[in-house]
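This report refers to the structure that appears directly beneath it.
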(Lines of atoms letter the chains of each structure in order from A and count residues from 1; the text may use other names and numbers.)
(Lines give C-alpha, C1' and ligand atoms only; values in the text may rest on other atoms or scores of the structure.)
Protein backbone atom coordinates (compact mmCIF):
# COMPACT_ATOMS: atom_id res chain seq x y z
CA UNK A 1 0.00 0.00 0.00
CA UNK A 2 1.14 3.52 -0.68
CA UNK A 3 1.01 6.57 1.52
CA UNK A 4 -1.90 7.94 -0.48
CA UNK A 5 -4.04 4.84 0.03
CA UNK A 6 -3.23 4.60 3.72
CA UNK A 7 -4.17 8.20 4.46
CA UNK A 8 -7.23 8.19 2.16
CA UNK A 9 -5.92 11.11 0.09
CA UNK A 10 -6.93 11.82 -3.46
CA UNK A 11 -4.78 10.72 -6.41
CA UNK A 12 -4.68 11.73 -10.06
CA UNK A 13 -7.27 9.98 -12.21
CA UNK A 14 -4.72 8.92 -14.85
CA UNK A 15 -2.41 7.44 -12.20
CA UNK A 16 -5.31 5.57 -10.59
CA UNK A 17 -6.53 4.14 -13.90
CA UNK A 18 -3.00 2.93 -14.62
CA UNK A 19 -2.53 1.55 -11.08
CA UNK A 20 -5.73 -0.54 -11.19
CA UNK A 21 -4.79 -1.88 -14.63
CA UNK A 22 -7.51 -0.28 -16.73
CA UNK A 23 -4.79 1.02 -19.09
CA UNK A 24 -1.42 -0.58 -19.81
CA UNK A 25 0.53 2.67 -19.49
CA UNK A 26 0.01 5.90 -17.67
CA UNK A 27 0.46 7.81 -20.91
CA UNK A 28 -2.42 5.80 -22.43
CA UNK A 29 -4.59 6.81 -19.46
CA UNK A 30 -3.55 10.44 -19.90
CA UNK A 31 -4.36 10.30 -23.62
CA UNK A 32 -7.80 8.82 -22.87
CA UNK A 33 -8.49 11.67 -20.43
CA UNK A 34 -7.45 14.27 -23.01
CA UNK A 35 -9.69 12.62 -25.62
CA UNK A 36 -12.70 12.84 -23.29
CA UNK A 37 -13.06 9.09 -22.73
CA UNK A 38 -12.95 9.40 -18.94
CA UNK A 39 -15.71 10.92 -16.82
CA UNK A 40 -15.62 11.39 -13.05
CA UNK A 41 -19.05 11.68 -11.44
CA UNK A 42 -20.56 12.55 -14.83
CA UNK A 43 -18.10 15.33 -15.77
CA UNK A 44 -15.24 15.06 -18.26
CA UNK A 45 -12.00 14.53 -16.42
CA UNK A 46 -8.59 16.01 -17.06
CA UNK A 47 -5.62 13.77 -16.32
CA UNK A 48 -4.69 15.62 -13.13
CA UNK A 49 -8.19 15.60 -11.64
CA UNK A 50 -8.15 13.99 -8.18
CA UNK A 51 -10.28 10.95 -7.38
CA UNK A 52 -11.35 9.91 -3.90
CA UNK A 53 -13.08 6.82 -2.50
CA UNK A 54 -16.68 6.68 -3.67
CA UNK A 55 -16.12 8.54 -6.95
CA UNK A 56 -17.72 6.96 -10.02
CA UNK A 57 -15.67 6.78 -13.22
CA UNK A 58 -17.02 6.03 -16.67
CA UNK A 59 -14.23 4.91 -18.95
CA UNK A 60 -14.84 4.31 -22.67
CA UNK A 61 -12.69 1.44 -23.95
CA UNK A 62 -13.14 -0.11 -27.39
CA UNK A 63 -16.51 1.57 -27.85
CA UNK A 64 -17.98 0.35 -24.56
CA UNK A 65 -18.30 2.19 -21.25
CA UNK A 66 -16.92 0.64 -18.08
CA UNK A 67 -18.40 1.92 -14.82
CA UNK A 68 -15.82 1.87 -12.02
CA UNK A 69 -16.15 3.06 -8.43
CA UNK A 70 -13.02 4.02 -6.48
CA UNK A 71 -12.65 1.96 -3.30
CA UNK A 72 -9.03 2.88 -2.57
CA UNK A 73 -6.93 5.65 -4.09
CA UNK A 74 -3.64 4.08 -5.16
CA UNK A 75 -1.05 5.87 -7.25
CA UNK A 76 1.57 3.16 -7.75
CA UNK A 77 1.18 0.06 -9.88
CA UNK A 78 0.45 -2.91 -7.62
CA UNK A 79 -0.26 -6.60 -8.11
CA UNK A 80 -3.46 -7.89 -9.66
CA UNK A 81 -5.15 -8.81 -6.37
CA UNK A 82 -4.61 -5.45 -4.59
CA UNK A 83 -5.57 -3.65 -7.81
CA UNK A 84 -8.84 -5.58 -7.99
CA UNK A 85 -9.56 -4.70 -4.35
CA UNK A 86 -9.12 -0.98 -5.08
CA UNK A 87 -11.92 -0.85 -7.66
CA UNK A 88 -15.60 -1.81 -7.72
CA UNK A 89 -16.54 -2.71 -11.29
CA UNK A 90 -20.25 -2.00 -11.87
CA UNK A 91 -20.19 -2.48 -15.62
CA UNK A 92 -23.32 -4.27 -16.84
CA UNK A 93 -22.64 -7.42 -18.86
CA UNK A 94 -22.47 -6.92 -22.62
CA UNK A 95 -24.89 -8.56 -25.00
CA UNK A 96 -23.16 -11.19 -27.11
CA UNK A 97 -22.65 -9.87 -30.62
CA UNK A 98 -23.65 -12.22 -33.42
CA UNK A 99 -21.01 -13.46 -35.82
CA UNK A 100 -21.41 -11.79 -39.19
CA UNK A 101 -19.92 -13.35 -42.30
CA UNK A 102 -17.80 -10.74 -43.98
CA UNK A 103 -15.49 -11.07 -46.94
CA UNK A 104 -12.47 -8.97 -47.69
CA UNK A 105 -12.99 -6.31 -50.30
CA UNK A 106 -11.67 -7.40 -53.67
CA UNK A 107 -11.68 -11.11 -52.78
CA UNK A 108 -13.85 -11.91 -55.79
CA UNK A 109 -16.84 -14.21 -55.94
CA UNK A 110 -17.08 -16.82 -53.20
CA UNK A 111 -16.47 -20.41 -54.18
CA UNK A 112 -19.17 -23.02 -53.72
CA UNK A 113 -17.58 -24.13 -50.45
CA UNK A 114 -17.31 -20.56 -49.14
CA UNK A 115 -20.95 -19.91 -50.10
CA UNK A 116 -22.05 -22.95 -48.07
CA UNK A 117 -20.07 -21.71 -45.07
CA UNK A 118 -21.64 -18.26 -45.39
CA UNK A 119 -25.12 -19.82 -45.61
CA UNK A 120 -24.40 -21.96 -42.55
CA UNK A 121 -23.31 -18.88 -40.60
CA UNK A 122 -26.41 -16.97 -41.64
CA UNK A 123 -28.58 -20.01 -40.75
CA UNK A 124 -30.22 -20.08 -44.15
CA UNK A 125 -31.93 -23.15 -45.45
CA UNK A 126 -30.09 -24.85 -48.26
CA UNK A 127 -31.93 -24.83 -51.59
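Residue numbers (our numbering): 25 to 151. Yeah, the Cβ is synthetic: ideal placement off N, Cα and C, and Gly gets one too. Only a predicted model underlies this, so the values are computations on that prediction, with no experimental measurement involved.
Practice problem: Could you tell me the boundaries of the beta strand (DSSP E) in which residue 94 lies? | Solution: Counting from one through the chain shown, the residue named residue 94 turns up at place 70. Start and end: 88-94.
Quiz prompt | Beta-bridge pairing of residue 64 - partner residues as DSSP gives them | solution = Counted from its first residue, the chain shown places residue 64 at position 40. Paired residues: 67, 81.
Practice problem: Label residue 110 either buried or exposed according to how many other C-beta atoms from any shown protein chain fall within 10 Å of its C-beta, with 16 as the threshold for buried. | Solution: Mapped onto the chain shown, residue 110 falls at position 86. Buried: at least 16 other Cβ atoms inside 10 Å.
Quiz item: So the beta strand (DSSP E) residue 113 belongs to, where does it begin and stop?
Solution: Translated into the one-based positions of the chain shown, residue 113 becomes position 89. From DSSP, the beta strand (DSSP E) with residue 113 extends over 111-113.
Quiz item: To the nearest whole angstrom, what separates the beta carbons of residue 75 and residue 40, a pair I think is in contact under 8 angstroms?
Solution: Taking the chain shown and counting its residues from 1, one reaches residue 75 at position 51. Taking the chain shown and counting its residues from 1, one reaches residue 40 at position 16. With a Cβ gap of about 5 angstroms, residue 75 and residue 40 count as contacting.
Quiz item: Are the Cβ atoms of residue 100 and residue 43 separated by less than 8 angstroms?
Solution: Reading the chain shown from its first residue, position 76 is the one you call residue 100. Reading the chain shown from its first residue, position 19 is the one you call residue 43. Result yes, Cβ atoms of residue 100 and residue 43 sit closer than 8 angstroms.
Quiz item: Which same chain residues, not among the five before or five after residue 57, have their C-beta less than 7 angstroms away from its C-beta?
Solution: Numbered from 1 along the chain shown, position 33 holds the residue referred to as residue 57. 37, 38, 69, 70, 71.
Self-check item: Where the alpha helix (DSSP H) containing residue 37 begins and where it ends
Solution: In the chain shown, counting from the first residue as 1, residue 37 sits at position 13. From DSSP, the alpha helix (DSSP H) with residue 37 extends over 37-43.
Exercise. Measure from the alpha carbon of residue 88 to the alpha carbon of each residue in 137, 143, 142, 120, then state which is nearest.
Key: Position 64 of the chain shown, counted from the start, is the residue given in the question as residue 88. Checking every option, the nearest Cα to that of residue 88 belongs to 120.
Quiz prompt | C-alpha gap between residue 45 and residue 83, whole angstroms | solution = Against the chain shown, residue 45 aligns to sequence position 21. Against the chain shown, residue 83 aligns to sequence position 59. So the alpha carbons of these two residues sit roughly 12 angstroms apart.
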